[in-house]
Structures are given as structure tokens and as C-alpha cells.
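Note sheet for the following structure.
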Amino acid sequence: KDKLVYDVGHQSYAHKLLTDRYKNFDTLRSFGGLSGFQNPNESPYDFFQTGHASTSVSAVIGFARAARMRGEDGCFVAVTGDGALTGGMVYEALNDGGATDLPIVVIINDNEMSIDKNVGVFPAKLSKLRLKKSYIQAKGRYHKAMEVIPGGKALNRVFTAIKERVKRLLIPESLLDYLGFEFLGTVDGNDVQALIHAIRYAKEQNHPVLIHAKTEKGLGYLRSIEDPEKLHSVPRDNGGNKPATSSFSAEFGKTMLELGREEPLLAAVTAAMPGGTGLMPFREAYPERFIDVGIAEEHAVTMASALARGGCKPVVALYSTFLQRAFDQLLNDAALQKIPLTVAIDRSGLACDDGMTHNGIYDVGYLSMIPGMQLYAPSDYAELHYMLSYAVKQNALTAVRYHKGSEGEFTENTFTDKANVFTLREGNDITLVTYGMSVNKALNVASLLEEQGVNAEILKINRIIPLPAEEILPHIKKTGRTAVIEEVVKNGSIGEKLSSALSSSGIQAEFHAFHVHDVVPHGDRKSLEKMM
2 KDKLVYDVGH QSYAHKLLTD RYKNFDTLRS FGGLSGFQNP NESPYDFFQT GHASTSVSAV
62 IGFARAARMR GEDGCFVAVT GDGALTGGMV YEALNDGGAT DLPIVVIIND NEMSIDKNVG
122 VFPAKLSKLR LKKSYIQAKG RYHKAMEVIP GGKALNRVFT AIKERVKRLL IPESLLDYLG
182 FEFLGTVDGN DVQALIHAIR YAKEQNHPVL IHAKTEKGLG YLRSIEDPEK LHSVPRDNGG
242 NKPATSSFSA EFGKTMLELG REEPLLAAVT AAMPGGTGLM PFREAYPERF IDVGIAEEHA
302 VTMASALARG GCKPVVALYS TFLQRAFDQL LNDAALQKIP LTVAIDRSGL ACDDGMTHNG
362 IYDVGYLSMI PGMQLYAPSD YAELHYMLSY AVKQNALTAV RYHKGSEGEF TENTFTDKAN
422 VFTLREGNDI TLVTYGMSVN KALNVASLLE EQGVNAEILK INRIIPLPAE EILPHIKKTG
482 RTAVIEEVVK NGSIGEKLSS ALSSSGIQAE FHAFHVHDVV PHGDRKSLEK MM
């Protein structure tokens, strides 16, 4: 009946071990195995899926309200990181929950880290808060005594009123006081007994309580202590394979460094991911032009839009899955005002072992609804360099989407600002239409078809939104059949748009489109691609 929600899910690994998943833990983040996050389909002890940060407090408030409406009791606990406190959704939830008498406990696991080192005022203030275990123990004994002595409850109300009046006179109220949560100051998060005392006390209160647990990330595991950013999300063993020498994220960072030298008003904006997006070199070279807003994608886009309106050239670097949070800001604060903003979309396509909450398979669909949006898709490092450089120089809302990891066998630069479609291979029997890293799949398909005596043409789209249908349709008319290969969901896909354009044109052609499912689980790429 008690419900525990971890925010974000990487914190739930120990929870998984303790809730009947120890024997299967070696399947973590593998196809058909345990998820890297809490997943209600996996266990009755995972009450809510939490792949994105700053959501747990909202979830437990909802569970608490549902229990009250159903006449049930219980305690509802959110374990959130101090990094999640840089996201605005937490404050919306705290503002709502603090105005209730619901049995909510919020535990802030404060290790001064999220994906990268935390930024902002609140985490800094949090680190200064202190409360001794002895105080919590004494407070618990006092309340128990007041419950058993005659007139204790009335006496406690008098004492509490006096204490609160004195405290308001001597100590300035904090944000937490205003939000209505009883604050159980700082507890040693690596001291199990101290945590037990604090949590037991909090549970007995039956009203909103907040516990600040100060922990050391990776305590007892030297590798994690030495490199907490790298080991924030521990990957599966790669079987001894050598890691790639570079990645799209790293190449993006190199290009930003070059553009920073060329453009004195270029600024890099990210949301708690300077390392993941490859912006660490830019941060070191141009600290005054590097902006990390914390886990606050909505703020990042609106702030960057005003930065552009103010005469600068901001590039907002976000993972595809996190850009979803800023759809409203892209529409209202950038597009409708015709603001020249550049968005770099990292981790597009399948996220593989991170799973359904991190797959970047929706961006093509929702970005196609943004008026004036131009979206480019590089297939290799060279194209990323040229497309990003081109986007920064445009007086328009422009985005560049690229995959996680390294480039494939295709390493040519086909991008020019004169044509949006490039004929990668001539053919007369079928037209394969593709973009981004899916070019490598199309080349493999063409080779297989050639073995069957089928001569395939490959069209590579560089600017995918708006779709340059007028450059594609003549090729389809020539071959009489086409197949679109892409790593996004069907709704809003290039395949769907091309099918509509084909129908409107009156061209008679056999049409096939290959997409991914609307919801894709976690797993290795080979297993996931078999689901397409």
C-alpha cells in the first residue's frame, strides 16, 4: 500500500535487487531483460515509469490523492535527486503537494550530481543545510511522549505555535517553508540507521515531509568516485570490443569549437548535459558563452530564443527524447516569432539499452508541425560539420538531428545548400528513399537486391523538413516503385509525408515504408531492428 517512486530510474537499481529481481539482474538493459528504469510491466513494486527527471513528486501526489479517493491509506514516497531540482516540474509539484495534508514524503538524494555537475541556486543552497541525527531522534521521542501523556496533544499544539513564532522571528523562512513541507534537514545519506530514523519519523507525520539526504555518489566504488559523470549510467559490458574513436556528439563539440572562433556571438546552451552533448571543450574555451540551465529544457529554448532576439547566435543542444518537453516553447517562443534559433538534436533514433523513454523516434513527427522549421539529417561526421555550420548562418529556425555513437561505413559529404536530395546510387527498378544513418541500411538493401537481379536507386534526403517532394517524385515515377527506410515512428514520418505527396501527384507507383513501432523496448540494436 506504500508507494515508492524513484526519480530518475537509475537510482532504482538497488530497489530492483531487493524486489525479487536479483536472479535476473544480469539481464539489465538487454533485450527481453530488466529495464534500466522503473517499469510497472516488470514488477508490481515499480509503480510508475520514470525515465525522465523531475517527475517523481508529481507521481506520488497523484497516488496519494487516488488512495484518499478510494478510502485507502499508505505512505507515498518520492526519491528525487538534487539534479532533478533544477527542473521546474518539481516546483509545480511541491507547490501543489505542500498545500495538502496528504501523507507524502519527498527524499532528496543529494550527491551534487545529475548527468553532469549540478548548476543553479537551489542545489548550492541545499548543500549548506544541516541537521543532526540526534535532533531527529529527540524529535521523534518528544512526539511519542506527547501522544501518551494526559493533555499531550493540546500541550503539543501550544508548544508548536510558540516554536513557530520564535523561529519566524529569529530565522528567515526558506522556500521549503513557503511550499508547506515539513523540512527534516540534512541526514547522512550513507548512514543507513540515520535514514531509517528520519524516514520512520516522516512516515508517522501523515502530512507532507521533505528529507534532505546528503550522499557521496559511488561511495565504496573507487571508479565511480573518480569519474561520477562517466559512471552516471553504467553501460553493459561491450564484450571487449574497442570503443569508437569518435562519435557524433564529439564531432558536434569540435564543430562548435570551430564556430566559436569564427562567430564571436555564438553561444552554446544545454540542459545539464555538457558532457553527453560534447560541449565540454566549448565550455572550457568559451565559458562566458556556455550556458547550462540544468534539467530545464523549456527554459533553455525560451531563454535561447530571447538570446537570439537580442542579437546573439545560440545553439541549443539537447537529446531528442528531452527536446519533447520543449515543444510548446519551440512553437510559441521561437517559431511563431520567427526567431533564428539553431537546435542540435543528439541521440535521434533508437536509444537501444536505455529503452522506450529515451528513444529519439518521435522528433521528425512533432517537429514537422512547427511552422518554418528546417530539419537536416547528417549521415556522417563531415555532413554534421557542414550542416551545423550552415544552420548557424541561417536567419531561420533550424535543427540538425543525429544519432548516438559513431558514423557507419558511409562517410561521404553529400550536403550542399543547392539541393536537398542527393542521388547516392542510380537504378531503374526501385527507388530507396532514406536519410541520416539509415543510409547505411539502404546501401545494404541495395546490395542484397542486386544479388537478386534488382537494380535499386538510392535517394538520400539531407533536408527532411520541409520534405522536398518535388525533387523525389520524378525518381519514383521513373522506377514505378519505392521504399522509404527510416528509424522513426510512422505518424508524422517522411514515409507518411511522401505517401501523401505521391497520392496528390497522381503518380501510380508501388509504395512501401519501413518504420519502427510506436513504442520500442530496450535492447541491443540488432534485436530491435528485427522488430521493424
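Residue 287 in this note's numbering is what sits at position 286 of the sequence shown, and the numbering runs on without skipping anything.
Think of the CB as a built atom: it goes at the ideal place given N, C-alpha and C, for glycine as much as any other residue.
Here the structure is a predicted model, which means the values were calculated and not measured.
Alpha-carbon spacing of residue i relative to residue j, whole angstroms
i	j	result
M1	L95	An answer regarding residue 1 cannot be provided, because it is not within the stretch 2 to 533 covered by the chain.
P341	T412	29 Å
S44	A335	42 Å
N207	F515	53 Å
L324	Y363	10 Å
S251	P288	Looking at the sequence shown, residue 251 is not Ser but Ala. Their backbone Cα atoms lie some 18 Å apart in a straight line.
V210	S36	30 Å
L180	V91	11 Å
G277	K4	32 Å
M304	A245	35 Å
I466	Y202	56 Å
V107	N25	29 Å
K339	Q39	40 Å
N414	F184	57 Å
L170	L156	Its pLDDT being 46, under 50, L170 is placed unreliably by the model, and nothing is read from it.
A68	G75	8 Å
R284	I292	8 Å
G361	G153	58 Å
K218	S55	19 Å
T271	A301	7 Å
Q12	V521	22 Å
A268	P379	22 Å
N445	E497	23 Å
Exposed unless 16 or more other CB atoms sit within 10 angstroms - verdict on residue i
i	result
T483	buried
T343	buried
K133	With a pLDDT of 48 at K133, under the threshold of 50, the modelled position of that residue is not reliable, and no figure is offered here.
G524	buried
V517	buried
S535	The question about residue 535 has no answer, for the chain in this structure spans 2 to 533.
Y23	exposed
A146	exposed
V490	buried
L529	buried
N421	buried
T216	buried
P275	buried
K405	buried
R526	exposed
Heavy atom of the ligand GTP within 6 Å of residue i beta-carbon
i	result
T417	Within the structure as shown, the ligand GTP is missing, as the structure has no ligands at all.
Proximity below 7 Å, CB of residue i to CB of residue j
i	j	result
N463	G366	no
L433	A443	yes
G89	A297	yes
F77	A85	no
A273	G295	yes
N110	G82	yes
E458	E427	yes
P282	L308	no
S349	S321	yes
F32	V6	no
A199	I212	yes
F182	Y403	no
I371	L331	yes
E299	R326	yes
V188	A214	yes
T51	D8	yes
G98	I150	no
K461	V440	yes
Any 3 or more C-beta pairs closer than 8 Å across the segment 315-322 and the segment 366-379: no
Beta strand (DSSP E) runs wholly inside the segment 478-512, at least 3 long, in chain order: Here the runs fully enclosed are 482-486.
Length at least 4, wholly inside the segment 278-309: the alpha helix (DSSP H) runs in chain order: 281-286
contact_flag[the segment 347-363, the segment 387-396] where n(CB pairs < 8 Å) is 3 or more: no
The segment 486-506 contacting the segment 420-436, beta-carbon criterion three pairs below 8 Å: In this structure the segment 486-506 lies against the segment 420-436, because at least three pairs of beta carbons, one per stretch, are closer than 8 Å.
Every unbroken alpha helix (DSSP H) within the segment 67-102, with a cutoff of 4 residues, ordered by chain: Listed in chain order, the complete alpha helix (DSSP H) runs (minimum 4 residues) inside the segment 67-102 are 89-98.
Those runs of the beta strand (DSSP E) which lie wholly inside the segment 241-269 and span at least 3 residues: none
Runs of beta strand (DSSP E) wholly within the segment 407-456 (minimum 3 residues, chain order): 422-426 and 431-435
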